[in-house]
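Step one of this worksheet: look at the structure below.
Numbering (the working numbering), first residue to last: 40 to 311.
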């Protein structure tokens with residue numbers, strides 16, 4: 040009897056199982072910290088005018104206490120977008136020097152788009168489930184539920200800013216940028232390190248933990264839950280043979296859904 044077709048088994052690319060050419064720990068540390076530094080510096084650059092204004096205000100009013108920089112919604116979004124652009128560029132420079140851009144940034148058209156969209160749907164639904172269950176678990180054990188309130192308040196300030204956050208942050212910086220950097224660049228580097236080469240499970244765990252750390256603004260619970268999402272995305276990336284489109288689509292979809300629900304709630308269209 041002919042095997043029934045499935046969106047997950049209809050000639051998808053095989054899971055990654057090979058062992059990549061090695062790189063040294065020294066090279067990895069240099070690459071990782073240079074990309075991280077570029078990412079951080081790029082996030083500061085758009086805020087420099089606001090920081091200068093804060094310093095000048097403090098100098099003119101020495102007895103008024105320490106002022107805070109005026110970081111509006113558009114400015115915060117621009118820092119996130121700039122970080123993604125510069126971080127990807129520095130990672131690309133390292134990979135280009137090794138001739139391995141295509142090996143790490145697996146952005147070629149998938150062999151099977153139907154399977155890819157199926158994995159993306161699994162990633163989207165799985166991530167929503169992780170955040171839903173994770174909020175309950177982290178609250179129950181005292182870590183505190185993930186709290187994206189600060190970001191969502193910025194997202195919902197106006198229709199124009201909502202569009203900026205969805206397109207610039209949810210789709211580009213988070214969906215495309217974070218997946219290219221974490222599931223692309225970082226996982227490719229980890230798969231080449233002594234002690235991790237050929238150990239896909241260990242690579243999945245390490246990249247997931249590293250993915251959770253930058254989400255400290257959501258609290259300890261946010262870091263833990265985000266690490267679980269990183270584990271899911273890393274697994275899906277491997278199941279897609281290293282191709283990144285499924286996780287890019289899933290990540291962008293989750294962030295877009297969260298932002299859209301927050302905006303609908305502000306308009307009184309969702310959540311009472």
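We treat Cβ as the ideally placed atom computed from N, Cα and C, and that holds for glycine.
Notebook entry, point to check: My guess is that residue 280 and residue 250 are in contact by the Cβ rule of under 8 angstroms, so how many angstroms apart are they, rounded?
Noted result: As a first step, residue 280 must be located in the chain shown, where it is residue number 241. As a first step, residue 250 must be located in the chain shown, where it is residue number 211. Contact flag wrong, Cβ pair sits at about 20 angstroms.
Notebook entry, point to check: Buried or exposed: residue 136, going by 16 or more other Cβ atoms within 10 Å of its Cβ?
Noted result: Residue 136 sits at position 97 when you count from the first residue of the chain shown. Counting Cβ neighbours within 10 Å, residue 136 comes out exposed, since fewer than 16 surround it.
Next item on the list: Determine the burial state of residue 287: buried for a count of at least 16 other Cβ atoms within 10 Å of its Cβ, exposed for fewer.
Entry: The residue given as residue 287 occupies position 248 in the chain shown. By the neighbour-count rule (16 or more Cβ atoms within 10 Å), residue 287 is buried.
Item checked: Neighbour-count burial assignment, residue 158, 16 or more Cβ in a 10 Å radius -> Start at 1 with the first residue of the chain shown, and residue 158 comes out as number 119. Buried, since its Cβ has 16 or more Cβ neighbours within 10 Å.
Next item on the list: Check the C-beta distance from residue 81 over to residue 124 and give it rounded, since I have them as a contact under 8 angstroms.
Entry: By 1-based counting over the chain shown, the position of residue 81 is 42. By 1-based counting over the chain shown, the position of residue 124 is 85. Indeed, because the Cβ distance is near 7 angstroms, the residues count as touching under 8 angstroms.
Check: By the 10 Å Cβ neighbour count, where 16 or more other Cβ atoms means buried, how is residue 318 classified, buried or exposed?
Finding: With the chain running from 40 to 311 in the structure shown, residue 318 is simply not present.
Notebook entry, point to check: Which word fits residue 100, buried or exposed, when buried means at least 16 other C-beta atoms lie within 10 angstroms of its C-beta?
Noted result: Against the chain shown, residue 100 aligns to sequence position 61. Exposed: under 16 other Cβ atoms inside 10 Å.
Checklist line | Rounded Cβ spacing between residue 235 and residue 242 (contact assumed at less than 8 angstroms) | finding: Position 196 of the chain shown, counted from the first residue, corresponds to residue 235. Position 203 of the chain shown, counted from the first residue, corresponds to residue 242. Rounded, the Cβ-Cβ distance is 5 angstroms, consistent with contact.
Next item on the list: Work out the CA separation of residue 183 and residue 166 for me, nearest whole Å.
Entry: Locating residue 166 in the chain shown gives position 127, counting from the first residue. Locating residue 183 in the chain shown gives position 144, counting from the first residue. So the two alpha carbons sit approximately 18 angstroms from each other.
Check: Buried or exposed: where does residue 63 fall if 16 or more other Cβ atoms within 10 Å of its Cβ makes it buried?
Finding: Counted from its first residue, the chain shown places residue 63 at position 24. When all chains shown are included, residue 63 counts as exposed.
Next item on the list: Return the first residue and the last residue of the alpha helix (DSSP H) that residue 267 is part of.
Entry: Translated into positions along the chain shown, residue 267 becomes position 228. Element bounds for residue 267: 258 to 278.
Next item on the list: Would you kindly report the start and end of the unbroken alpha helix (DSSP H) that includes residue 224?
Entry: As a position in the chain shown, residue 224 is number 185, starting the count at 1. Unbroken run through residue 224: none, as it is neither H nor E.
Note to self: Going by C-alpha to C-alpha distance, which of 67, 297 and 95 sits closest to residue 208?
What the structure shows: The sequence position of residue 208 within the chain shown is 169, counting from 1. Checked all of 67, 297 and 95; the closest Cα to residue 208 is 297.
Next item on the list: Output the boundary residues of the alpha helix (DSSP H) element that contains residue 290.
Entry: By one-based count along the chain shown, residue 290 stands at place 251. Element bounds for residue 290: 284 to 305.
Notebook entry, point to check: For residue 246, which option in 273, 145 and 306 has the closest C-alpha, if you only look at C-alpha atoms?
Noted result: Within the chain shown, numbered from 1, the residue matching residue 246 stands at position 207. Taking only the C-alpha atoms, the option nearest residue 246 is 273.
Check: Can you tell me whether residue 115 is buried or exposed, with buried defined as 16 or more other CB within 10 angstroms of its CB?
Finding: Taking the chain shown and counting its residues from 1, the one referred to as residue 115 is at position 76. It counts as buried.
Item checked: Span separating the alpha-carbon of residue 278 from that of residue 191 -> Residue mapping note: residue 278 aligns to position 239 of the chain shown, counting from 1. Residue mapping note: residue 191 aligns to position 152 of the chain shown, counting from 1. Going by the C-alpha atoms only, they are around 32 angstroms apart.
Notebook entry, point to check: Looking at residue 223 and residue 144, is the spacing between their C-beta atoms short of 8 angstroms?
Noted result: Walking along the chain shown from the start, residue 144 turns up at place 105. Walking along the chain shown from the start, residue 223 turns up at place 184. Contact: yes.
Next item on the list: Could you name the residues of the same chain whose beta carbon sits closer than 7 angstroms to that of residue 266, not counting the 5 residues immediately before and after it, in chain order?
Entry: Numbered from 1 along the chain shown, position 227 holds the residue referred to as residue 266. Cβ within range, chain order: 247, 248, 250 and 251.
Checklist line | C-beta contact flag for residue 67 and residue 228 at 8 angstroms | finding: The residue you call residue 67 lines up with position 28 of the chain shown. The residue you call residue 228 lines up with position 189 of the chain shown. Going by C-beta atoms, residue 67 is nearer than 8 angstroms to residue 228.
Next item on the list: If I'm right that residue 211 touches residue 120 with Cβ under 8 angstroms, what's the distance once you round it to whole angstroms?
Entry: As a first step, residue 211 is located in the chain shown; it is residue number 172 there, counting from the start. As a first step, residue 120 is located in the chain shown; it is residue number 81 there, counting from the start. Confirmed, Cβ separation roughly 7 angstroms.
Check: Leaving out the 5 sequence neighbours to the left and right, which residues in its chain are closer than 7 angstroms to residue 327 when beta-carbon positions are compared?
Finding: Lying outside 40 to 311, the shown extent of the chain, residue 327 is not represented and no answer is given.
Checklist line | Reduced DSSP secondary structure (H/G/I, E/B, other) of residue 91 | finding: By one-based count along the chain shown, residue 91 stands at place 52. It is helical.
Next item on the list: Give the secondary structure of residue 216 by DSSP, where H, G and I count as helix, E and B as strand, and everything else as coil.
Entry: Along the chain shown, read from residue 1 onward, the residue named residue 216 stands at position 177. Correct three-state label for residue 216: helix.
Next item on the list: Please check the pair residue 86 and residue 220, which I expect to be a contact at CB under 8 angstroms, by giving their CB distance rounded to whole angstroms.
Entry: If you number the chain shown from 1, residue 86 lands on position 47. If you number the chain shown from 1, residue 220 lands on position 181. That belief does not hold up - the Cβ atoms of residue 86 and residue 220 are roughly 21 angstroms apart, past 8 angstroms.
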